[in-house]
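Colleague: Taking my numbering, the leading residue of the sequence shown gets -13, the next gets one more, and so forth.
Quick reminder that beta carbons are idealized off the backbone N, C-alpha and C, glycines included.
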Amino acid sequence: MTPVLSVRDLTVTYPSGVVGCVDVSFDILPGEILGVVGESGSGKTSVLNAIALALPPTRGDARFDSPRLGSQAIFALNAQETRWLRQREIALVHQNPHRALNFDLSAGANVAEALLAADWRHYGRIRQRVAELFRRVELDLTRMDDLPGRFSGGMQQRVQLARALANSPALLLLDEPTGGLDVSIQARLLDLIRELSRDLRTAMLLVSHDLEVVRLLARRTLVMQQGRVVESGLTDQILEDPQEPYTQLLVHSMLT
């Protein structure tokens, strides 16, 4: 099976000289959720932002493959090609919905914006697609014209998911998607993400400091420390029998 994303030797160094990540390599298959875990400053956010094409890498290669685009070295794309990719094929779900949603527009209009950016123009088709996406993420269709500020935190994340899925991206990037949510709301959102991965065959990169969230979602996991991958493999194996001292510390902190 051809990976949706193949990353090799990804390295990010900031203008200040701070190293974000060093020589990070991984593949993500269609329908797979890959977890990236580590403490604050471990480099996981640098990896996410580089793949989101929001942060230029210092070196390395990332090859993206989808039916609509074919195979492309995404770090070599020009500005127009990068914009096209971000509008259609690679979508990012932020921890804070305020970073993705316009709270002056209705929930439905926020989703419609993503369709308009991808050249949807027929009002009836846009409205139909928004309704389809609301159903997909289990939002009440009668709330389409409500402002996001009238939604709970969990519902705002569902609106953000609907927006991210608007153009059927091949890759979904999840940045602490359940951070700050109550446990019961987290559980249903995690169930929804699993269902989307299974039903839509969307590849996902999940970045989190929460090993429990990663355990519930990701088949494979990378553990990062000080910008480097220190352990990788099947999530269950890593959590049940961690080999590296840093991973052992993370797992111990989860269990205590």
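Taking the C-alpha atoms as reference points, what is the distance between arginine 107 and valine -2?
Modeller: For arginine 107 and valine -2, the distance between alpha carbons rounds to 38 Å.
Colleague: In whole angstroms, give me the CA-to-CA distance for alanine 93 and arginine 136.
Modeller: Answer to the nearest angstrom: the Cα atoms are 10 Å apart.
Colleague: Threonine 128 by DSSP, collapsed to three states: which one?
Modeller: Helix.
Colleague: Tell me where the alpha helix (DSSP H) around glutamine 58 begins and ends.
Modeller: Here glutamine 58 belongs to no alpha helix (DSSP H); instead the beta strand (DSSP E) covers 56 to 59.
Colleague: Who are valine 10's beta bridge partners in DSSP?
Modeller: Per DSSP, Leu(-4).
Colleague: For a minimum of 3 consecutive residues, which ranges assigned as the beta strand (DSSP E) are wholly contained in the stretch 175 to 217?
Modeller: You should have 189 to 194 and 206 to 211.
Colleague: According to the neighbour-count rule (16 or more other Cβ atoms, all chains shown, within 10 Å of its Cβ), is leucine 197 buried or exposed?
Modeller: Label assigned to leucine 197: buried.
Colleague: DSSP on serine 52, reduced to helix/strand/coil?
Modeller: Note: serine 52 maps to strand in three-state DSSP.
Colleague: For methionine 130, count neighbouring C-beta atoms within 10 Å of its own C-beta (all shown protein chains included) and say buried if the count is 16 or more, exposed if not.
Modeller: By the 10 Å Cβ count, methionine 130 comes out buried.
Colleague: When you compare only the Cα positions, how much space is there between aspartate 177 and arginine 45?
Modeller: Rounded to the nearest angstrom, the two C-alpha atoms are 36 Å apart.
Colleague: Using only CA atoms, which one of Ala204, Ala36 and Asp51 lies nearest to valine 22?
Modeller: The residue with the shortest Cα to Cα distance from valine 22 is Ala204.
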